[in-house]
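I have placed the structure first, in the form of structure tokens, so that the comments after it can refer back to it.
Numbering (the working numbering), first residue to last: 1 to 358.
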């Protein structure tokens with residue numbers, strides 16, 4: 001009588017269906033053994049299929065692969081590569097997209113073959129989320145911090161600028177500037193231009209400009225030089241009705257430095273505010289072309305090449321802060337994504353298990 005098989009519970013002389021096992025031929029013995037081994041393996045796997053939705057290896061893969069993909073895509077999107085070599089950064093960031101596509105195709109193939117695919121499905125979702133979030137968050141970090149840091153590194157530094165004598169046309173490539181002693185922001189002369197936000201400008205002057213011997217001072221009764229090209233600016237930091245201006249470090253009496261405004265999207269609004277200031281300072285008879293023609297020499301304070309600055313106490317410290325904030329945000333985003341991806345992945349494993357996916 002055939003002895004029973006401990007693994008399957010069937011007799012050794014019988015096949016999986018209970019019928020007598022065919023006698024192997026001389027030439028097909030190996031093929032017969034391999035087929036029987038595969039059948040036995042499938043039977044054992046079916047009987048010992050895990051009942052938990054969370055298996056260690058798939059869970060680890062779904063957590064590690066998206067996290068690495070997110071980190072690399074984020075780095076390519078916001079680092080120095082983006083600033084100096086944007087095309088190279090784009091090419092180097094493509095592997096993250098390729099990983100998401102490959103994992104998605106693998107999950108689709110496993111589903112078609114009716115084999116366990118929960119791990120690949122969750123990993124694919126995490127990889128696509130990693131690519132999208134890395135592009136979005138990396139772009140925000142780049143535009144807010146890294147772009148400013150490397151731009152100030154490339155622009156020129158100037159010291160001992162006299163805002164009452166020097167002209168803006170001579171410092172068009174300035175990034176970090178240090179004004180001469182006794183320079184200050186004339187907060188009493190600020191102008192606010194309102195659009196979707198409030199754009200605040202105030203002239204940067206020196207005490208030398210307050211001498212009443214200046215031609216503009218005699219003509220207008222105001223203590224201003226003929227040309228005012230240096231302006232301290234800020235966004236939503238002043239109130240025209242109350243006369244409050246608190247943009248930058250105007251409250252710091254030791255501050256006499258500026259960081260050049262880099263945003264091209266807001267510069268036209270500050271220029272309009274300067275034009276508004278010029279109109280207020282000019283007498284009525286010079287507000288028209290006919291009045292300007294009669295005025296010789298020009299008696300209105302004007303701004304031929306206005307340069308806009310953020311008034312700060314230490315430009316070097318402010319520039320270094322851009323880099324520190326960028327790296328701090330980079331680390332925070334990596335930690336947050338890794339944790340959220342892990343927790344959401346566990347939920348997806350559980351949901352797919354309840355839906356009947358292997």
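Using N, Cα and C, we set each Cβ at its ideal position, and we do this for glycine too.
Quantities reported herein were computed from a predicted structural model and do not represent experimental measurements.
Give me the residue from the options with the minimum Cα distance to residue i.
i           : options            : result
residue 229 : 240, 185, 248, 250 : 185
residue 124 : 37, 108, 114, 354  : 108
residue 268 : 281, 242, 302, 307 : 307
residue 154 : 342, 113, 174, 101 : 174
residue 148 : 75, 88, 319        : 319
residue 98  : 199, 191, 127      : 127
residue 323 : 63, 278, 309, 79   : 79
residue 333 : 139, 100, 113      : 139
residue 226 : 241, 303, 135, 143 : 303
residue 196 : 266, 152, 131      : 266
residue 194 : 239, 72, 181, 309  : 239
residue 130 : 94, 117, 156, 351  : 94
residue 261 : 172, 86, 87, 65    : 172
residue 309 : 344, 247, 342, 346 : 247
residue 342 : 170, 59, 275, 264  : 59
residue 254 : 64, 132, 183       : 183
residue 66  : 355, 325, 31, 121  : 121
residue 234 : 275, 264, 192, 277 : 192
residue 272 : 161, 198, 207      : 198
Where does the unbroken beta strand (DSSP E) through residue i begin, and where does it stop?
i           : result
residue 232 : 230–235
residue 193 : 191–194
residue 157 : 156–161
residue 175 : 174–179
residue 144 : Looking at the DSSP string, residue 144 is not in any beta strand (DSSP E), and its letter there is neither H nor E.
residue 303 : Here residue 303 belongs to no beta strand (DSSP E), and DSSP marks it neither H nor E.
residue 185 : 183–185
Within 10 Å of its beta-carbon, does residue i have 16 or more other beta-carbons around it, so buried, or fewer, so exposed?
i           : result
residue 84  : exposed
residue 57  : exposed
residue 296 : Its pLDDT being 46, under 50, residue 296 is placed unreliably in this model, and the value from its coordinates should be taken loosely. Burial call: exposed.
residue 145 : buried
residue 243 : exposed
residue 236 : exposed
residue 217 : Because residue 217 carries a pLDDT of 38, less than 50, the predicted location of this residue cannot be relied on, and no value is offered for it.
residue 96  : buried
residue 256 : buried
residue 280 : exposed
residue 136 : exposed
residue 76  : buried
residue 354 : exposed
residue 52  : exposed
residue 103 : buried
residue 86  : exposed
residue 326 : buried
residue 277 : buried
residue 100 : buried
residue 82  : buried
Give me the Cβ distance between residue i and residue j, rounded to the nearest whole Å; I'm assuming they're in contact under 8 Å.
i           : j           : result
residue 204 : residue 232 : 6 Å
residue 259 : residue 301 : Not really, about 24 Å apart at Cβ, beyond 8 Å.
residue 329 : residue 141 : 5 Å
residue 190 : residue 201 : 6 Å
residue 245 : residue 312 : Not really, about 15 Å apart at Cβ, beyond 8 Å.
residue 119 : residue 62  : 6 Å
residue 167 : residue 305 : 7 Å
residue 206 : residue 164 : 5 Å
residue 39  : residue 134 : With a Cβ gap of about 46 Å, residue 39 and residue 134 do not count as contacting.
residue 364 : residue 54  : Residue numbering for the chain in the displayed model covers 1 to 358; residue 364 lies beyond these limits and cannot be assessed.
With DSSP collapsed to three states, give me the class of residue i.
i           : result
residue 256 : coil
residue 227 : strand
residue 113 : coil
residue 242 : coil
residue 168 : helix
residue 202 : strand
residue 250 : coil
Span of the alpha helix (DSSP H) holding residue i?
i           : result
residue 331 : 315–354
residue 261 : Looking at the DSSP string, residue 261 is not in any alpha helix (DSSP H), and its letter there is neither H nor E.
residue 57  : 56–78
residue 369 : Outside the shown range of the chain, which is 1 to 358, sits residue 369, and nothing can be said about it.
I want to see whether chain B comes within less than 8 Å of residue i, judged by CB atoms only; does it?
i           : result
residue 199 : Protein chain content of the structure displayed is limited to a single chain, and chain B is not contained in it.
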